[in-house]
Amino acid sequence: MAARGRAEGGLPDRYLVSRPIYNEPSFQEENEKKLVVPKTLRERVRKSCSCSRKKALKATKTFLPILEWLPKYRVKEWLLNDVISGISTGLVATLQGLAYALLVAVPIGYGLYSAFFPILTYFFLGTSRHISVGPFPVVSLMVGSVVLSMAPDEKFLLANSNVTGMNGTAGIDIASRDAQRVLISSTVTFLVGIIQISVDKRFHSGGKFLLIPYQRTRKWWAGYKSDVNAFYKKGKS
C-alpha cells in the first residue's frame, strides 16, 4: 500500500510503502503448483486444427517478421542512419563476396549473388536488425577444398588442344569446369543446410529429455531440504 503526501518544511513529495512481511510459508502458499488436468487427444487435435483470424495472423507474422516491425518503423528517426549503415555494410559484403568466390573456386559473379540474396531473404524472414548474413571465409575454404577435389582442371582438358598459354588455361574447357564447380558447391551447401536443420531439431528434442532428470533432482533436493529443516527444528525445540 502506497501513500503520497507532502512532508513538512516544503520538502518534495514522497512515497510511503507499507506491506506485510513476506515469508516462506506465504510464498509457498501463493506459488503452489496447481494441478493441471491433461487434455484428451481429441481436444488436442481440435485445438491444433482450429483456425481463426487472430491465429492465422500470428502464424503469418511468425513466418514473416517484416509484417510485425515494418508498420512500427520510424521513418524520420531511423531512415537516414539505416541508409548509411546499409551502404557501408553493402560495400563490405560485396568485396567479401568477390574474395570468397575465389576461395570456393567459382566465378566471381556468384560471390556477388552470395552477398546480395542472403541479405534480401533475411530482410523478409530475419528477426534481428543487428545481423549481417552472408558467406564466411572458413566455410568458403571448406567448400572450395571439396570443389577442387571433385572438379580439378585436369578433368576438363580439351581433347583437340595440346597448346598451353601463358596462364595455363588455354587447353581447359572453362565453361564446363565452372558449371560443374557451381553445381558441386550448390549441392554441398544444400546438403549442409539439411544436416543443420535436422541437428537443430534433434537438439531441441534432446533438451526435453535432459529436463526429466533435472526435475527429478530438483524434487529430491526439495524433499531433502524440508527433512533437514524439520530435523533442525525438532532438535532445537
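In this note's numbering, the protein residues as written are -6 to 230. Virtual Cβ for every residue (Gly too), placed ideally from N, Cα, C.
Looking from the CA of arginine 122, the closest CA among Gln21, Thr180, Tyr66 belongs to Tyr66.
Listed in chain order, the alpha helix (DSSP H) runs fully inside the segment 87 to 168 are 101 to 118, 130 to 143, counting runs of at least 4 residues.
Of the residues assessed, phenylalanine 116 falls on the exposed side of the cut-off, its CB having fewer than 16 other CB atoms within 10 angstroms. In this structure, leucine 60 keeps its C-beta atom at 8 Å or more from the C-beta atom of lysine 51.
Secondary structure note for arginine 67: it is in no beta strand (DSSP E), with a DSSP letter that is neither H nor E. Contact annotation: the segment 96 to 116 touches the segment 167 to 180, with at least three C-beta pairs closer than 8 Å. By the neighbour-count definition (other C-beta atoms within 10 Å, threshold 16), glycine 127 is a buried residue. In the three-state reduction of the DSSP assignment, valine 30 falls in the coil class, being assigned neither a helical nor a strand state.
Exposed is the label assigned to glycine 102, since fewer than 16 other Cβ atoms lie within 10 Å of its Cβ. One Cα belongs to aspartate 171, the other to lysine 40, and the distance between them is close to 52 Å.
Here the alpha carbons of proline 31 and isoleucine 190 stand approximately 31 Å from one another.
Look at arginine 170 here: in three-state DSSP terms it is helix.
Here phenylalanine 129 is exposed, its C-beta having fewer than 16 other C-beta atoms within 10 Å. Put simply, the segment 136 to 146 does not touch the segment 70 to 88. Fewer than three CB pairs are less than 8 Å apart.
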